[in-house]
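Using my numbering, you'd call the opening residue of the sequence shown number 5 and step up by one each time.
Note that the Cβ used here is the ideal one computed from N, Cα and C, for glycine as well.
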Amino acid sequence: MAQSDNREENLSSSTSSIIANLYSYFGDIPEPTTDTREQLSGEFPTLESDGAQDSEALDESDDSLNQNEDNRVDDEDQDTNAAGEEEPVEEEEFQSKYIHFFPLYQDYCLQEGKNDQPSRDRSFLSELITPKYLQGLQFLLGPSSQPESTSPQLHPAEAKPSSPSVHPIRVTPCTLWQDLDEVKASGLLSSLTTREIRLQESMFELIGSEASYLRSLGVAVNHFQASKALKQTISPMEHHFLFSNIRRVMAASEKFLMDLEMRLGENVFVSQVGDIVLQHSSEFHDLYVPYVTNIMYQKDLVNKLMQQNRDFVFSLKKLESDPVCHRQDLKSFLVLPFQRITRVKLLLQSVLKLTEPDSESVSNLIKAIAAIHEIVTDCNKGVKKMKQIEELVCLETLLDFDKVKAVPLVVSGRFLVHQGPMRQLTVEGTYNPRTSFISVYFHLFNDLLIISSKRDQRFIVLDHTEFPAHVRVEHLKTKVLNLPSESFLLHLSQSQVGHPTAMIFVPYTRSDKEAWMKLLSRDGNLTIQKF
5 MAQSDNREEN
15 LSSSTSSIIA
25 NLYSYFGDIP
35 EPTTDTREQL
45 SGEFPTLESD
55 GAQDSEALDE
65 SDDSLNQNED
75 NRVDDEDQDT
85 NAAGEEEPVE
95 EEEFQSKYIH
105 FFPLYQDYCL
115 QEGKNDQPSR
125 DRSFLSELIT
135 PKYLQGLQFL
145 LGPSSQPEST
155 SPQLHPAEAK
165 PSSPSVHPIR
175 VTPCTLWQDL
185 DEVKASGLLS
195 SLTTREIRLQ
205 ESMFELIGSE
215 ASYLRSLGVA
225 VNHFQASKAL
235 KQTISPMEHH
245 FLFSNIRRVM
255 AASEKFLMDL
265 EMRLGENVFV
275 SQVGDIVLQH
285 SSEFHDLYVP
295 YVTNIMYQKD
305 LVNKLMQQNR
315 DFVFSLKKLE
325 SDPVCHRQDL
335 KSFLVLPFQR
345 ITRVKLLLQS
355 VLKLTEPDSE
365 SVSNLIKAIA
375 AIHEIVTDCN
385 KGVKKMKQIE
395 ELVCLETLLD
405 FDKVKAVPLV
415 VSGRFLVHQG
425 PMRQLTVEGT
435 YNPRTSFISV
445 YFHLFNDLLI
455 ISSKRDQRFI
465 VLDHTEFPAH
475 VRVEHLKTKV
485 LNLPSESFLL
495 HLSQSQVGHP
505 TAMIFVPYTR
515 SDKEAWMKLL
525 SRDGNLTIQK
535 F
């Protein structure tokens, strides 16, 4: 751990250091270059390797991130013009047989239906992808982003107005199943019920939205990630963190869309889509969980580069001004997989609601929804776990063990449960004792209790012990002892002072006391869950 005279310097570079340490925590990463080491400098403790079960999903992140160069676009072969400026990258779009208009996924507009709208998953992840939450994270979708519908569309959406620009955007109605030439030629529309048409539209929306999603991924990969000019402004490791495994996400999306369109080609009256989702769900899990887990650090990295790297800003703004982006910024492209995986679940729920209960496709639909729900749940857990580890890494830079035996803070399975200030009762003098209170600060982890004295933004550790094995709390008869009503007794059966210790602490409010008493008791600890 760094000495006190180096702490301020460490704090100033904490963001890049945290990113480096977090990735090393979950597995091997490419060896940093000299420039990268300088950018990611900062003294942090070595992170212990997590257990196989805990890190199984996130190990996939390392596998997907550490791709060989032969799987990437050869940036060095990109042509440059006589002036040395990079030539635009030719975008290779998937050629759909049925959908002739490909809006960017950010501009994908369907009429918002008030009926048949499935309830949204209120998990941490679903809250994290809402514009309000993203604004709080300063990782907001582009200003022209529109919310997506959660029900099938029967009528074309109205064109979205656009502000004047050099390249004005016209968002035309998205293709409907009933508008396909093959459907019109089949004569099906005259023989189908309204419910059956709505079901076909609902399944076709999965295809149309995937085509739109794939187009936006193509911009992210072929326009931004493959840009030689942008890559030259940052280190290889930063480029690696910035785009994660998005190229493999795009490849999986293309295979998924091809299978969906193949089903449509077999019969314009689509029998089911749940079986196709099931076939791809395993690969989706392997790709989306690490991507969504890493997206927090993509956001942090983009913010850092925007503030500290002028060359990056200049190159990025030039790329974002290209007509292919339709006024969307890089952040809106990077967050797309975050949105898409929850969107697929909602689309499948819409299909299930319109499917007859006795249909043979119901079983596959239910299994597909469960598989996508598992992906969303694991993404949710991954994001929470990474946030917990980031919290430990940040806190370790602020702790000063001074005269107390130091312990490594960032270890496998540890996470912060609760923290806050309180007062400790002290007694001075022998013959004429006087009582007084000193300010202390508690950090309670799932396996460790640290008691500190807060000075400025640092914490001077006074004592620490294993929790809950050596911690016990006890209520006091405060009126008899003439103590504040919030007082409680803390027993440490093993501490750094060398012998069992009992101390009286006074939280600042009654609610604080109730919270601390519950958390510090053995019964309260049983409710603590590890992600």
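Closer than 7 angstroms by C-beta to residue i: which residues in its own chain qualify, once you throw out the five before and the five after it? Chain order, please.
i	result
SER499	ASP467, THR469, THR505
VAL225	ILE250, ARG251, MET254
ASP279	ASN368
ARG344	TYR217
PHE228	LEU234, LEU323, LEU334, PHE337
PHE260	GLU214, HIS284
Would you mind sorting residue i into buried or exposed? The rule is 16 or more other CB atoms within 10 Å of its CB.
i	result
PRO206	According to the sequence as given, residue 206 is Ser; it is not Pro. Counting Cβ neighbours within 10 Å, SER206 comes out buried, since at least 16 surround it.
ASP382	buried
PHE536	What the structure shows of the chain is the stretch from 5 to 535, and residue 536 is not part of that stretch, so it cannot be assessed.
SER336	buried
GLN110	buried
ARG514	exposed
ALA230	buried
SER489	exposed
GLN312	exposed
HIS503	exposed
ALA410	exposed
HIS479	exposed
GLY269	exposed
LEU132	In this prediction, LEU132 has a pLDDT of 37, which is less than 50 and means its spatial position is unreliable; what the coordinates show is noted afterwards. Label assigned to LEU132: buried.
PRO472	buried
SER325	exposed
ASP460	exposed
ASN298	buried
SER213	buried
LYS517	buried
VAL339	buried
PRO425	exposed
ARG347	buried
TYR292	buried
Just grab the DSSP bridge partners of residue i for me.
i	result
HIS468	ILE454
TYR445	PRO425, SER456
PHE492	HIS479, PHE509
ASP404	ILE464
LEU420	PHE449
SER440	THR430
So, at 6 angstroms on beta carbons, what are the nonlocal neighbours of residue i in its own chain, with the 5 sequence-adjacent residues on each side left out?
i	result
LEU413	LEU396, GLU400
SER319	ALA233, LEU234, THR237
VAL296	PHE342, CYS383
THR482	SER489, SER491
LEU356	LEU369
GLU287	ALA256
LEU452	PHE471
For residue i, which of helix, strand or coil comes out of DSSP?
i	result
LEU487	coil
HIS244	helix
PHE263	The question names Phe, yet the displayed sequence has Asp at residue 263. ASP263 falls in the helix class under three-state DSSP.
GLU432	strand
ARG331	coil
ARG314	helix
HIS377	helix
HIS474	coil
SER231	coil
ILE280	helix
LYS389	helix
HIS503	coil
LYS536	A question about residue 536 goes unanswered here, because the residues of the chain that appear run from 5 up to 535.
PRO412	coil
ASN271	coil
THR179	coil
SER325	coil
VAL293	helix
THR346	helix
ILE211	helix
If you drop the 5 nearest sequence neighbours on each side, which residues of the same chain put their C-beta closer than 8 angstroms to that of residue i?
i	result
TRP430	Inspection of the sequence shows that residue 430 is occupied by Thr rather than by Trp. Same-chain partners within the cutoff: THR439, SER440, PHE441, ILE442.
LYS349	ASP125, ILE373, ILE376, HIS377, VAL380
LEU192	VAL272, PHE273
PRO437	VAL431
Consider the C-beta atom of residue i and the heavy atoms of the ligand ZN; say whether any pair is separated by less than 7 angstroms.
i	result
GLN182	In the structure shown, the ligand ZN is absent, as is every other ligand, since no ligand is present at all.
Taking contact to mean 3 or more Cβ pairs, one atom from each stretch, closer than 8 angstroms, check whether the stretch 355–375 and the stretch 218–238 are in contact. The answer is no - the stretch 218–238 does not touch the stretch 355–375, with fewer than three Cβ pairs under 8 angstroms.
Evaluate the contact criterion for the stretch 261–280 versus the stretch 182–195: three or more CB pairs, one atom per stretch, below 8 angstroms. The answer is yes - the stretch 182–195 touches the stretch 261–280, with three or more Cβ pairs under 8 angstroms.
If we count Cβ pairs, one from each stretch, closer than 8 angstroms, do we get three or more for the stretch 311–328 versus the stretch 406–425? Touching, no.
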